[in-house]
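Letter 252 of the sequence shown, counting from 1, is numbered 784 in the numbering used here, and no numbers are missing. Read through the structure below, which is laid out as structure tokens, and then see the notes.
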Amino acid sequence: MSEQDFPEDEFAARTQAAQTAMRAQGIDALFFTTEAEMRYFTGFRTLFWQSPTRPWFLVVPGNGKPIAVIPQIGAHLMAATWIDDIRTFSAPHPVDDGINLLADTLKGFTKIAMPMGRESALRMPLRDFQRLQHLTSGSEYVDGTNLIQSLRMVKSEREIALLREICGIGSAAYARGPKLFQAGQPLNDVFRSFRIELLRQGADDVPYLVGGAGQEGYGDVISPPSARPLQEGDVLMLDTGATRNGYFCDFDRNFAIGRASDAVRSAHETLVQAVEAAATIARPGKTCADLFQAMAGVLGESEGDVGRLGHGLGMQLTEAPSLTSFDQTLLRENMVLTLEPSLTLGPGRMMVHEENIVIRDGTPEFLTVRAAPDIPVIAA
533 MSEQDFPEDE
543 FAARTQAAQT
553 AMRAQGIDAL
563 FFTTEAEMRY
573 FTGFRTLFWQ
583 SPTRPWFLVV
593 PGNGKPIAVI
603 PQIGAHLMAA
613 TWIDDIRTFS
623 APHPVDDGIN
633 LLADTLKGFT
643 KIAMPMGRES
653 ALRMPLRDFQ
663 RLQHLTSGSE
673 YVDGTNLIQS
683 LRMVKSEREI
693 ALLREICGIG
703 SAAYARGPKL
713 FQAGQPLNDV
723 FRSFRIELLR
733 QGADDVPYLV
743 GGAGQEGYGD
753 VISPPSARPL
763 QEGDVLMLDT
773 GATRNGYFCD
783 FDRNFAIGRA
793 SDAVRSAHET
803 LVQAVEAAAT
813 IARPGKTCAD
823 LFQAMAGVLG
833 ESEGDVGRLG
843 HGLGMQLTEA
853 PSLTSFDQTL
863 LRENMVLTLE
873 PSLTLGPGRM
883 MVHEENIVIR
893 DGTPEFLTVR
903 AAPDIPVIAA
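Below you can see the structure in the form of structure tokens.
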């Protein structure tokens, strides 16, 4: 693709959908400070967000295109998007990192919505936001979390195509696992080899790769790798969030090193069955809680044991909604979700399995190449 990942009509449609929702709720403008929302409405994609030095702002008015209020360093890239109104400030600045310019942009709006709820963040200094509120004292700031999450949960076919592509890349890399991993290999070398394989298969980046290995299971699912060598009887798990044009896959695979005990084989089969139970009922009109209950029923575990069993997926590794017993979000066609059941096998031991699906009007589409019930065994 070109500098802009999608044609202009993709971003125009997103903006128009937001503006329709804004009018229904009496909102005059949306205000964002975070990367995902800015990219969602503009197509502005850069790794420069890794630097916390500069704030970035986006305003979506009730009519017309979004307005970017950004540091001067981003002007050239933003000009390559569909945005016309780009207002820049010098940053870092000793006294004003764009707050006066932002206040001037927002002063004409009475009711301004911004993300304030679960899974949201304010990416600007709190004291600057307090100053902004003072400078725009005639405006009311309200919670726009539900509005923006409701829009982003449902993906366009163009987004789904990118997600399908990166999930295919991840699936191809996992299929190479038996040739990449072996007993005696240090775990950090396993991670390094798999990251290289993902890039060889066509991933742009691998910003997320976690996992673990241990006898009869692993201790957690978020650890960085140690230098511990793989041993016969280990269960190895790798969970990757590789990207293609800024869209994530998020799924894992388990491997047995040398042999798999009956308990490990049974656990893996149960996890695959839990995914199948959720996929069987995953249809528009069902709820996230329905999918949670379907998986929990197979696992024989309660919410207190396992937390959530999946989530939304897209431009971020994890997005709304959450597959929990309390999330009553209705499934809609073109939602992209992870199904992520987990089992406790004993003190300090667990196993997790994860697949990525698209909700369709009927049987969901698996974006990942589904794991077989039998855990793959890598010869020692």
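Quick reminder that beta carbons are idealized off the backbone N, C-alpha and C, glycines included.
Assignment of beta-bridge partners to PRO718 by DSSP yields PRO761. DSSP, read as helix, strand or coil, puts LEU658 in helix. Pairing PHE898 with ILE910 gives a Cβ-Cβ distance that is not under 8 Å. Within the same chain, Cβ atoms closer than 7 Å to the Cβ of LEU694 are found at ARG776, ASN777 and TYR779, the five residues on either side in sequence being excluded. If you check the CB distance, LEU841 and GLU872 come in under 8 Å. Judged by their CB atoms, LYS597 and ASP628 are not nearer to each other than the 8 Å cut-off. Here the stretch 757–774 lies against the stretch 713–732, with 3 or more beta-carbon pairs under 8 Å apart. Considered as a whole, the stretch 633–682 harbours 643–646 and 672–675 as its complete beta strand (DSSP E) runs of no fewer than 3 residues, in chain order.
In the three-state DSSP reduction, GLY606 falls in the helix class (H, G or I). As DSSP reads the structure, LYS818 sits in a beta bridge with PRO816. Beta-bridge analysis with DSSP links MET867 to VAL686. Between the alpha carbons of ARG659 and LEU803 lies a distance of about 47 Å. Residues of the same chain with a CB within less than 6 Å of the CB of PRO587, apart from the 5 flanking positions on each side, are ASP629 and MET656 in chain order. Pairing GLU851 with ARG727 gives a Cβ-Cβ distance that is not under 8 Å. Closest option to ARG571, judged by alpha-carbon separation, among GLN848, ARG892 and GLN805: GLN848. With three or more CB-CB distances shorter than 8 Å, the stretch 590–608 counts as touching the stretch 546–556.
Here LEU770 is buried. Its C-beta has 16 or more other C-beta atoms within 10 Å. Rounded to the nearest whole angstrom, the CA to CA distance from ALA561 to THR668 is 13 Å.
Within its own chain, the residues whose Cβ lies closer than 8 Å to the Cβ of LEU638, once the five positions on either side in sequence are excluded, are ALA561, PHE563, VAL591, ILE644, LEU664, THR668 and SER671, listed in chain order. Excluding five sequence positions before and after PHE621, the CB atoms of its chain that fall closer than 6 Å to its own CB belong to GLY630 and LEU633, given in chain order.
Nearest in C-alpha terms to ALA799, of all of PRO647, ALA653, PRO905 and CYS781, is PRO905.
About 7 Å separates the CB atoms of THR856 and CYS820; that is less than 8 Å, so the two are in contact.
Going by beta carbons, ARG785 and GLY709 fall inside the 8 Å limit.
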